[in-house]
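As C-alpha cells, the structure follows; a few thoughts come after it.
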Amino acid sequence: MWRTGVLGLCLAGFLSGCVHQEPYDKIVARNGRPTELTEDDKTVTATWGEGADKNWVSFDKKTQRIVASSENGKFACRYFSLC
Numbered sequence: 055m056w057r058t059g060v061l062g063l064c065l066a067g068f069l070s071g072c073v074h075q076e077p078y079d080k081i082v083a084r085n086g087r088p089t090e091l092t093e094d095d096k097t098v099t100a101t102w103g104e105g106a107d108k109n110w111v112s113f114d115k116k117t118q119r120i121v122a123s124s125e126n127g128k129f130a131c132r133y134f135s136l137c
C-alpha cells in the first residue's frame, strides 16, 4: 500500500517536471541572457528578471550539472519530487 503512495508521488514529481531539469543552454535559449551572474567556490548562479518574476538556476562549476533552480522551489517540486 505504501509503495503505491510513494510511486504516485514520484510519478507526480516526474510529470510536473521537477525530477528532470532542463539543460542550462535550453534555459538560456528560453529566457535570454542572464541579467546577473554570481559565483562561489563550487557553483555559478544565473538570474533572470526582477521581483516576483525573478528566476534563477545554480550549476556546479566542475560537472556543469544544475544543482538547484527556482523551478524546484515551487510547491509541487518540493513535495512531489521525493524519489
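With our numbering, you'll find the sequence shown wraps up at 137, consecutive numbering, no jumps. The beta carbon of each residue, even a glycine, is placed where N, CA and C say it ideally should be. The model shown is predicted, which means the values in this text are computed figures rather than measured ones.
Tell me the residue span of the beta strand (DSSP E) that contains residue i.
i	result
A122	120-123
D114	109-114
A100	97-102
T117	Careful: T117 lies outside any beta strand (DSSP E) and carries neither H nor E.
Please report the distance separating the alpha-carbon of residue i from that of residue j.
i	j	result
Q118	G103	22 Å
D79	V111	11 Å
T99	S124	11 Å
N109	E93	16 Å
F113	I81	12 Å
V121	D95	14 Å
G105	K116	30 Å
For residue i, collect the residues of the same chain with a Cβ closer than 6 Å to its Cβ; drop the 5 residues on either side in sequence, then sort them by chain order.
i	result
N85	W102
L91	A100
Checking the sheet assignment: what are the DSSP bridge partners for residue i?
i	result
T92	T99
Grab me the residues of residue i's own chain with a C-beta within less than 8 Å of its C-beta, minus the 5 sequence neighbours each way, in chain order.
i	result
P88	V82, A100, T101, W102
Ends of the alpha helix (DSSP H) at residue i?
i	result
R87	Where R87 is concerned, there is no enclosing alpha helix (DSSP H), given that its DSSP letter is neither H nor E.
Which same chain residues, not among the five before or five after residue i, have their C-beta less than 7 Å away from its C-beta?
i	result
T138	The structure shown does not extend to residue 138, since the chain is modelled only from 55 through 137, so no value can be given for it.
D107	none
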